[in-house]
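Participant: Provided herewith is a single structure, encoded as structure tokens, for subsequent inquiry.
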Ligand SMILES: Nc1ncnc2c1ncn2[C@@H]1O[C@H](COP(=O)(O)OP(=O)(O)OP(=O)(O)O)[C@@H](O)[C@H]1O
Ligand SMILES: Nc1ncnc2c1ncn2[C@@H]1O[C@H](COP(=O)(O)OP(=O)(O)OP(=O)(O)O)[C@@H](O)[C@H]1O
Ligand SMILES: [Mg+2]
Ligand SMILES: [Mg+2]
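Protein chains in written order, with our numbering: chain A, 1 to 228; chain B, 1001 to 1228.
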């Protein structure tokens, strides 16, 4: 499903402010798995998600999504891949603050050409399921941190993407809400076979996944496959 | 130190989209305490911090900081109180993205009229203590989420304010880094008598505080004083 082979990401390569964000990364996420990615602050977790999602180019190494080398794709092909097969929950949500919660969530469907009424119906259902039924018309600055996060989660799920990349998707939620979101993730993982790679700082959330990949100072230190 | 008496905050009062964010809030934080504020997503925690910090006006009720009713202050007096006596760590940091980590942290000192070299010295010391020695010249978009959070923490501490209001100050940190930040908070609390009110979703972080105030659906359900 997702394979990273010998991946490196270096910012400002060769300059005085060069930073090796990740190096020698070899990682696999199998189709239909729900995997946690954990590690200290600054260890490279968001970088790995950004590399997989094609939001930043790798300095070295190969990234394959469903066997397709993302380096070999044109800009348009990568954009289509992201639009149709990947759902992304950003660490700070990246909602559009001039759109309501509902409008933020329907956007990926409108981009796919789904009619407005159908997109709205799906968005409202998801938002209600996440406890935001009374916040559908609110703008991001009229929402609490955890409410914004749930809007971002809804937006990532609405196109039922094959792969969901979540960067601390429960970071702003209390424990009860976090568990509700995790059981929602587990349900779509079981019922629709969606693959999830979730960055988290919480061992409890990690324990709810099939395995935990651990990263430290830019490289993988545990794959969680050793126990099998 | 901090008293809230019969505080209410209603958004869009009287309109169809009226939201009661908090109501009937009675709360005290004593001088020199380190108190946690916990509750479900959307229950009113950020609202309470915003009310105390004067970032939003209360619809009803009284807020006193060191015996001074903040409602009776002029805009200028409130601004001075915020500048000199309150440190604020926002839920999403609110760093200025056109300033480096160091520049973001020196800003409150420059506003107080401290000379640049002295402010820089203090900022670098704090950033190093928080593990960001190698990130001093980085801009916010060149930092990881947890690194940004630590810059926000440094910025809130640099003026050694009497009161620190932290909105999930360890939310983007791994457990080890979170504990380091909490022991830093505990140290300044013990050594300098600073008062801290910290919103958190983590019971472990709450347990490191003197007591936990719990909020649910906009009103206080536990003060943590009952056990004494
Ligand atoms: N400008 C606004 N207009 C309308 N409603 C608002 C506005 N700002 C906040 N709210 C509502 O007030 C309630 C309390 O919000 P608040 O941000 O205080 O919650 P919180 O406890 O900090 O939540 P979280 O843990 O998710 O950060 C929420 O239901 C939110 O939707
Ligand atoms: N544009 C950039 N230029 C230079 N360095 C960068 C840039 N973006 C990220 N970094 C650095 O790369 C490293 C990895 O960052 P990344 O955001 O992947 O960490 P993370 O594991 O997600 O951390 P956190 O848990 O704090 O979110 C960090 O040390 C960060 O400072
Ligand atoms: Mg990150
Ligand atoms: Mg909040």
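Beta carbons are placed, not taken as given, at the ideal position from N, Cα and C, and that holds for glycine.
Beta carbon of residue 1030 of chain B, beta carbon of residue 1021 of chain B: below 8 angstroms?
Facilitator: Going by C-beta atoms, residue 1030 of chain B is not nearer than 8 angstroms to residue 1021 of chain B.
Participant: Are the segment 1087–1098 of chain B and the segment 1147–1161 of chain B in contact at 8 angstroms, needing three or more beta carbon pairs?
Facilitator: The segment 1087–1098 of chain B is in contact with the segment 1147–1161 of chain B.
Participant: What does the alpha-carbon distance come out to for the pair residue 1075 of chain B and residue 1064 of chain B?
Facilitator: Straight-line Cα distance between these residues: approximately 16 angstroms.
Participant: State yes or no: is the C-beta of residue 150 of chain A within less than 8 angstroms of the C-beta of residue 165 of chain A?
Facilitator: Not closer than 8 angstroms, so no.
Participant: Which stretch, first to last residue, makes up the alpha helix (DSSP H) that contains residue 14 of chain A?
Facilitator: Run containing residue 14 of chain A: none; DSSP gives neither H nor E here.
Participant: Check whether the Cβ atoms of residue 102 of chain A and residue 59 of chain A sit closer than 8 angstroms, and answer yes or no.
Facilitator: For residue 102 of chain A and residue 59 of chain A, no; Cβs fall outside 8 angstroms.
Participant: For residue 143 of chain A, is the beta carbon positioned less than 7 angstroms from some heavy atom of ligand 1?
Facilitator: For ligand 1, at least one heavy atom lies less than 7 angstroms from the Cβ of residue 143 of chain A.
Participant: I'd like to check one pair, residue 41 of chain A with residue 1084 of chain B: are the Cβ atoms closer than 8 angstroms?
Facilitator: No, the pair does not count as a contact, with Cβ atoms beyond the cut-off.
Participant: Please confirm whether any heavy atom of ligand 1 lies closer than 7 angstroms to the CB of residue 128 of chain A.
Facilitator: No.
Participant: Between residue 17 of chain A and chain B, is the shortest Cβ-Cβ distance under 8 angstroms, so that the two count as touching?
Facilitator: Yes, residue 17 of chain A counts as interfacial toward chain B.
Participant: Mind checking who residue 62 of chain A pairs with in its DSSP beta bridge?
Facilitator: Looking at the DSSP assignment, residue 62 of chain A forms a beta bridge with A:5.
Participant: Please classify residue 93 of chain A as buried or exposed, where buried requires at least 16 other C-beta atoms within 10 Å of its C-beta.
Facilitator: Residue 93 of chain A comes out buried.
Participant: Report the rounded CA-to-CA distance for residue 78 of chain A versus residue 72 of chain A, giving the unit in angstroms.
Facilitator: Roughly 9 angstroms between the two C-alpha positions.
Participant: Residue 1214 of chain B and residue 1034 of chain B look like a contact to me (Cβ under 8 angstroms); what is the Cβ gap, rounded to whole Å?
Facilitator: Rounded, the Cβ-Cβ distance is 16 angstroms, inconsistent with contact.
Participant: To test your reading of the DSSP string, which unbroken beta strand (DSSP E) runs of 3 or more residues are found completely within the segment 1071–1138 of chain B?
Facilitator: Segments of the beta strand (DSSP E) lying fully in the segment 1071–1138 of chain B: 1086–1089.
Participant: Of all the CB atoms in chain A, is at least one closer than 8 angstroms to the CB of residue 1041 of chain B?
Facilitator: Taking Cβ atoms only, chain A reaches closer than 8 angstroms to residue 1041 of chain B, which makes this a yes.
Participant: Taking the CB atoms as reference points, tell me whether residue 1026 of chain B and residue 1006 of chain B lie closer together than 8 angstroms.
Facilitator: Their beta carbons are under 8 angstroms apart, which means residue 1026 of chain B touches residue 1006 of chain B by this criterion.
Participant: Closest to residue 161 of chain A by C-alpha separation, out of A:112, A:147 and A:47, would be which residue?
Facilitator: Considering only alpha carbons, the answer is A:112.
Participant: So residue 176 of chain A contacts chain B; which residues on that side make the cut at Cβ distance below 8 angstroms?
Facilitator: The contacting residues are 1040.
Participant: Could you tell me which chain B residues have their CB closer than 7 angstroms to the CB of residue 147 of chain A, listed as they occur along the chain?
Facilitator: What residue 147 of chain A touches in chain B: 1041 and 1042.
Participant: Mind checking whether residue 171 of chain A and residue 1171 of chain B have CB atoms under 8 angstroms apart?
Facilitator: Yes; because the gap between Cβ atoms is below 8 angstroms, this pair is in contact.
Participant: Looking at the structure shown, is residue 166 of chain A part of a helix, part of a strand, or coil, going by DSSP?
Facilitator: In this structure, residue 166 of chain A counts as strand in the three-state DSSP scheme.
Participant: Determine the extent of the beta strand (DSSP E) in which residue 158 of chain A is found, giving its start and end residues.
Facilitator: Neither: residue 158 of chain A is in no beta strand (DSSP E) and is coded neither H nor E.
Participant: Cβ closer than 9 angstroms: which chain B residues qualify as neighbours of residue 183 of chain A?
Facilitator: What residue 183 of chain A touches in chain B: nothing, since even the nearest Cβ is about 16 angstroms away.
Participant: What did DSSP end up calling residue 47 of chain A once you bin it into helix, strand or coil?
Facilitator: Residue state, collapsed to three classes: helix.
Participant: Consider the Cβ of residue 133 of chain A: report whether some Cβ of chain B lies at a distance smaller than 8 angstroms.
Facilitator: With 8 angstroms as the cut-off, residue 133 of chain A does not count as an interface residue toward chain B.
Participant: With a 10 Å radius around its C-beta and 16 neighbouring C-beta atoms as the bar for buried, classify residue 1134 of chain B as buried or exposed.
Facilitator: Burial call: exposed.
Participant: If the criterion is Cβ atoms closer than 8 angstroms, does the pair residue 1037 of chain B and residue 1199 of chain B meet it?
Facilitator: Contact: yes.
Participant: Does residue 1137 of chain B have its Cβ less than 8 angstroms from a Cβ in chain A?
Facilitator: Judged by the 8 angstroms Cβ criterion, residue 1137 of chain B is in contact with chain A.
Participant: From the DSSP secondary-structure annotation, give me the bridge partner or partners of residue 1187 of chain B.
Facilitator: Looking at the DSSP assignment, residue 1187 of chain B forms no beta bridge with any residue, so it has no partner.
Participant: Find the residues of chain A that neighbour residue 1124 of chain B, judging by a C-beta separation of less than 9 angstroms, and give them in chain order.
Facilitator: In chain order: nothing, as chain A lies at least about 16 angstroms away.
Participant: Looking at the secondary structure, which residues open and close the alpha helix (DSSP H) in which residue 1203 of chain B lies?
Facilitator: Counting along the chain, the alpha helix (DSSP H) containing residue 1203 of chain B begins and ends at 1203–1207.
Participant: What residue from B:1122, B:1210 and B:1009 has the CA that sits closest to residue 1183 of chain B's CA?
Facilitator: Taking only the C-alpha atoms, the option nearest residue 1183 of chain B is B:1210.
Participant: Does the CB of residue 1091 of chain B have a neighbour CB from chain A at under 8 angstroms?
Facilitator: Closer than 8 angstroms to some Cβ of chain A, the Cβ of residue 1091 of chain B qualifies, so yes.
Participant: Would you identify the three-state DSSP class for residue 142 of chain A, choosing helix, strand or coil?
Facilitator: In this structure, residue 142 of chain A counts as helix in the three-state DSSP scheme.
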